[in-house]
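> Numbering follows UniProt numbering, with no gaps: position 259 of the sequence shown is 259. For glycine and all other residues, C-beta sits at the position ideal for the given N, C-alpha and C. None of the values given here were measured: they were computed from a predicted structure. Take this structure, written in structure tokens, and hold onto it; I'll ask about it next.
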Amino acid sequence: MWYCNNTLFNSSSVCSGVGSCRFPDICICPSNYKSDKGVCHPICFGADDSKEKVCSGNGKCIAPNQCVCNEGWVGESCRQWSCYGIYANDSSVCNNRGRCVQHNVCECFNYSLGNNCYFPGWAVITAPLLTASLFLFVFICIPITCTACKHYKKVRKQNKAEADMKYLLLNEKLRIAESNLEIVDSGWLIKMDDLKFVDRISEGNFGIVFKGEYRCSPVAIKKIKDDTRFSSVEFEHEISVLKSLHHPNVVLFLGVCVHDDYKFIVTEYMDGQSLEHVVISNKRSSKRLHQILSLDKKINILSDVTRGMIYLHSLDPPLCHRDLKPSNILLDKNMYTAKVADFGSSRRANLNNNNMTGYVGTLTYMSPEVIMSEQYDTSCDVYSFGIVMYELFFETKAYSTFEMEQNEFMNMFHIGIGVTKGNRPVIPNHNYSERELKYLTLMKQCWGGDVNSRPCFSNIIQEITMI
Numbered sequence: 001m002w003y004c005n006n007t008l009f010n011s012s013s014v015c016s017g018v019g020s021c022r023f024p025d026i027c028i029c030p031s032n033y034k035s036d037k038g039v040c041h042p043i044c045f046g047a048d049d050s051k052e053k054v055c056s057g058n059g060k061c062i063a064p065n066q067c068v069c070n071e072g073w074v075g076e077s078c079r080q081w082s083c084y085g086i087y088a089n090d091s092s093v094c095n096n097r098g099r100c101v102q103h104n105v106c107e108c109f110n111y112s113l114g115n116n117c118y119f120p121g122w123a124v125i126t127a128p129l130l131t132a133s134l135f136l137f138v139f140i141c142i143p144i145t146c147t148a149c150k151h152y153k154k155v156r157k158q159n160k161a162e163a164d165m166k167y168l169l170l171n172e173k174l175r176i177a178e179s180n181l182e183i184v185d186s187g188w189l190i191k192m193d194d195l196k197f198v199d200r201i202s203e204g205n206f207g208i209v210f211k212g213e214y215r216c217s218p219v220a221i222k223k224i225k226d227d228t229r230f231s232s233v234e235f236e237h238e239i240s241v242l243k244s245l246h247h248p249n250v251v252l253f254l255g256v257c258v259h260d261d262y263k264f265i266v267t268e269y270m271d272g273q274s275l276e277h278v279v280i281s282n283k284r285s286s287k288r289l290h291q292i293l294s295l296d297k298k299i300n301i302l303s304d305v306t307r308g309m310i311y312l313h314s315l316d317p318p319l320c321h322r323d324l325k326p327s328n329i330l331l332d333k334n335m336y337t338a339k340v341a342d343f344g345s346s347r348r349a350n351l352n353n354n355n356m357t358g359y360v361g362t363l364t365y366m367s368p369e370v371i372m373s374e375q376y377d378t379s380c381d382v383y384s385f386g387i388v389m390y391e392l393f394f395e396t397k398a399y400s401t402f403e404m405e406q407n408e409f410m411n412m413f414h415i416g417i418g419v420t421k422g423n424r425p426v427i428p429n430h431n432y433s434e435r436e437l438k439y440l441t442l443m444k445q446c447w448g449g450d451v452n453s454r455p456c457f458s459n460i461i462q463e464i465t466m467i
């Protein structure tokens, strides 16, 4: 047995009574606490013990996750700059006549002047007179005026480009600073020397997964591909999500390793591999494995996945996985436990409403509203779950019978168009048992085209237990 700060790992007071002891003197703490030598210390927006970094270094922390921002900074973590008390990206900043490029510094448009781009009153009165005078002046001095206009447009275009560049650079610096604070200051860093790579397991769009060891315990190590365009964003986002998740049916995050130009995500190791691997292997292997994957076994796997999804959707704000599929469902060796994994495409719903936009995920598991780039909510995960139910029940890919085109893009295009028109995977004619019919009925409810008709995962778990 191990201890955290001289306290037994399963004691109620271990890790300050708010975390769990995973390794000797290593605590897994809630998101608003920091692990340090077996103790969970409260933190303020990811800051460490240095006062300069509390509230991003732009304010004073008066209570856990409560900052009083310095002048020129706003937001709950004091990471957004402002112009005269208004967010830099607010539509009303700089009196709607400019853009906020630094603290209380406006880049004004047109005839707006002043620190806050006010429009002088005399301009309204003198505008007609100036217009008439300018009209006469242009016809008298056409060559001079044309040259001056060209020069003015060129300078104005350059100034606008410079202002846009400053704005983008400041946003990028802020994003990098925020992500670095979230990763480095969270206490999740693992040294490269503490990791041992044992075997290569699989490879996806954003990385390669290895079986490894960390402190003599088996782990899964995901190496982020350095040639992926969005690898850094994907890496930072997945870490920010994983470190806040704690559920028996969600893969456990253990830490992150950054070594030279390489980035690694370390999670618990599931020795049964993915549901996709099991289903495909079962289709090609002996009858013994087929007997293991009985209807009861399949229902047990789906029940675990449902519990994991209930947890994700019950968070505040809810977390939408957006890429739920068999390859992202991991099993233990005996297939007694299933866990949801890979949160690189996940997104938390808006605080004000649960609607999201964006074409993301794997096309054959995408709901019609996602394919059509319409607003969607967490019910898109329910649709994906319906496709998973199909593939697990029939032990085959949902669209394996689709007439393949030589051009893979056209093949995916036809599948996507069919889904938006109401087409779904073909259910073979068969004399199904009563339990199997209940299973198929629930499956079809999950992949329904009407978002409002799809059941939530809280209702799905009730239906599954009755099959």
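How many Å lie between Leu-242 and Met-335 at the Cα?
Cα to Cα, the separation comes out at about 23 Å.
> For the putative contact between Val-18 and Cys-4, defined by C-beta atoms under 8 Å, what is the C-beta separation to the nearest angstrom?
That pair is no contact at about 12 Å.
> Using three-state DSSP, classify Tyr-390 as helix, strand or coil.
It is helical.
> In the DSSP assignment, what are the bridge partners of Glu-268?
Paired residue(s): Val-219.
> How big is the Cα-Cα spacing for Tyr-262 and Phe-235?
Distance between the alpha carbons of Tyr-262 and Phe-235 is about 11 Å.
> Count the other CB atoms, across all protein chains shown, that sit within 10 Å of the CB of Thr-147; report buried if there are 16 or more and exposed otherwise.
Flag for Thr-147 reads exposed.
> On the three-state DSSP scale, how would you describe Thr-396?
In this structure, Thr-396 counts as coil in the three-state DSSP scheme.
> Return the residue from the list Ile-461, Ile-208, Asp-450 and Ile-329 that minimises the CA-CA distance to Leu-252.
When each option's Cα is compared against that of Leu-252, the closest is Ile-329.
> In or out: Cys-216 buried (at least 16 other Cβ within 10 Å) or exposed?
Flag for Cys-216 reads exposed.
> Look up Val-209 in the DSSP assignment and say whether it is helix, strand or coil.
Val-209: strand per DSSP, three-state reduction.
> Name the one or two DSSP bridge partners that Tyr-3 has.
Its beta-bridge partners are Leu-8.
> Would the segment 419-426 count as touching the segment 297-317 if we require 3 or more Cβ pairs under 8 Å?
In short, these stretches do not touch, since the Cβ pair count stays below three.
> For the pair the segment 361-375 and the segment 265-284, tell me if three or more CB-CB distances fall below 8 Å.
At 8 Å Cβ cutoff, the stretches do not touch.
> Using C-beta distances below 7 Å, list every residue in its chain close to Lys-397, excluding the 5 sequence neighbours before and after it, in chain order.
The residues are Glu-391.
> Can you name, in chain order, every residue of its own chain whose Cβ lies under 7 Å from the Cβ of Ser-458, other than the five neighbours on each side?
Excluding sequence neighbours, Ser-458 sits near Ile-310.
> Measure the C-alpha to C-alpha separation of Ile-239 and Asn-6 and round it to an integer number of angstroms.
Each residue's Cα considered, the two are about 29 Å apart.
> Could you tell me which residues DSSP pairs with Ile-224 in its beta bridges?
Per DSSP, Gly-207.
> Going by beta carbon distance, what residues of the same chain come within less than 6 Å of Met-389, once the five residues before and after it are set aside?
Closer than 6 Å at the Cβ level, and outside the excluded window around Met-389, lie Met-443.
> Could you check how far apart the C-beta atoms of Lys-333 and Asp-271 are, in whole angstroms? I think they sit under 8 Å.
At roughly 4 Å, the Cβ-Cβ gap stays under 8 Å, so Lys-333 and Asp-271 are in contact.
> My assumption, with CB atoms under 8 Å, is that Cys-257 sits in contact with Ile-190. Please give the rounded CB distance.
With a Cβ gap of about 5 Å, Cys-257 and Ile-190 count as contacting.
> Bridge partners for Gln-80 per DSSP, in chain order?
According to DSSP, Gln-80 bridges with Val-74.
> Could you give the DSSP three-state label for Leu-275: helix, strand or coil?
In the structure shown, Leu-275 sits in a helix (DSSP, three-state: H, G or I).
> What would DSSP say about Val-18, mapped onto helix, strand or coil?
Note: Val-18 maps to coil in three-state DSSP.
> Could you spell out where the alpha helix (DSSP H) holding Leu-437 opens and where it closes?
First-last of the alpha helix (DSSP H) with Leu-437: 434-446.
> Just how far apart, CA to CA, sit Ser-11 and Asp-25?
Ser-11 and Asp-25: Cα-Cα distance of roughly 13 Å.
> Hey, could you find the ends of the beta strand (DSSP E) Leu-330 is sitting in?
Note, Leu-330: beta strand (DSSP E), 329-331.
> Considering only the beta carbon of each residue, do Ser-274 and His-321 sit closer than 9 Å?
Their beta carbons are not under 9 Å apart, which means Ser-274 does not touch His-321 by this criterion.
> Which residue or residues does DSSP assign as beta-bridge partners of His-259?
Answer by DSSP bridge pairing, in chain order: Tyr-262.
> Check each candidate in Gly-361, Ala-338, Thr-337 and Lys-339 and name the one with the smallest Cα separation from Ser-346.
Of the candidates Gly-361, Ala-338, Thr-337 and Lys-339, the one whose C-alpha sits nearest the C-alpha of Ser-346 is Gly-361.
> Kindly indicate the opening and closing residues of the alpha helix (DSSP H) around Ser-35.
Unbroken run through Ser-35 is the beta strand (DSSP E), 33-36; no alpha helix (DSSP H).
> Is it right to say Glu-71 is buried, meaning 16 or more other beta carbons lie within 10 angstroms of its own, or is it exposed?
Per the 10 Å Cβ criterion, exposed.
> Buried or exposed, going by whether 16 or more other CB atoms sit within 10 Å of the CB of Pro-326?
It is buried - the Cβ of Pro-326 has at least 16 other Cβ atoms within 10 Å.
> Buried or exposed, going by whether 16 or more other CB atoms sit within 10 Å of the CB of Ser-92?
It is exposed - the Cβ of Ser-92 has fewer than 16 other Cβ atoms within 10 Å.
> What are the boundary residues of the beta strand (DSSP E) that Ile-427 is part of?
Note, Ile-427: premise wrong, no beta strand (DSSP E); not H, not E.
> From the DSSP secondary-structure annotation, give me the bridge partner or partners of Phe-253.
In the DSSP output, where bridge partners are listed per residue, Phe-253 has Thr-267.
> Compare the Cα-Cα distances from Asp-304 to each of Ile-464, Trp-447, Leu-8 and Gly-418 and report the closest residue.
Answer by Cα proximity: Ile-464.
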